[in-house]
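Residue numbers (my numbering): 8 to 85.
Glycine residues also receive a C-beta, built at the ideal position from the N, C-alpha and C atoms.
Working notes, structure below.
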């Protein structure tokens, strides 16, 4: 598990400090949005040749860890 998580990097000089994959300037957020839109791992890998399957698995694992919170405050959409 930790080996996959090592693929997620945070560097203030890259993408304004957002979590990225291996410092390649692919934000975790963007890759999650692609998967949520229905793109398969294979389709993403075809579009972004410098990514590896393990990178996308690390993105999913990272999101899973972030979702393990005790409570979420609902924001008012005012």
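Per-residue DSSP class, three states only, for residue i
i: residue 28; result: strand
Nearest residue (CA-CA) to residue i, options the options
i: residue 11; options: 22, 75, 66, 74; result: 66
i: residue 28; options: 15, 47, 68; result: 15
i: residue 33; options: 71, 74, 52; result: 52
i: residue 13; options: 74, 62, 49, 71; result: 62
i: residue 31; options: 17, 39, 43, 41; result: 17
i: residue 64; options: 77, 45, 35, 56; result: 35
i: residue 73; options: 19, 26, 22, 20; result: 26
DSSP beta-bridge partners of residue i
i: residue 48; result: None; residue 48 has no bridge partner.
i: residue 15; result: 28
Assumed close pair residue i, residue j - CB separation to whole angstroms, cut-off 8 Å
i: residue 70; j: residue 41; result: No, residue 70 and residue 41 are not in contact; Cβ-Cβ is about 12 Å, not under 8 Å.
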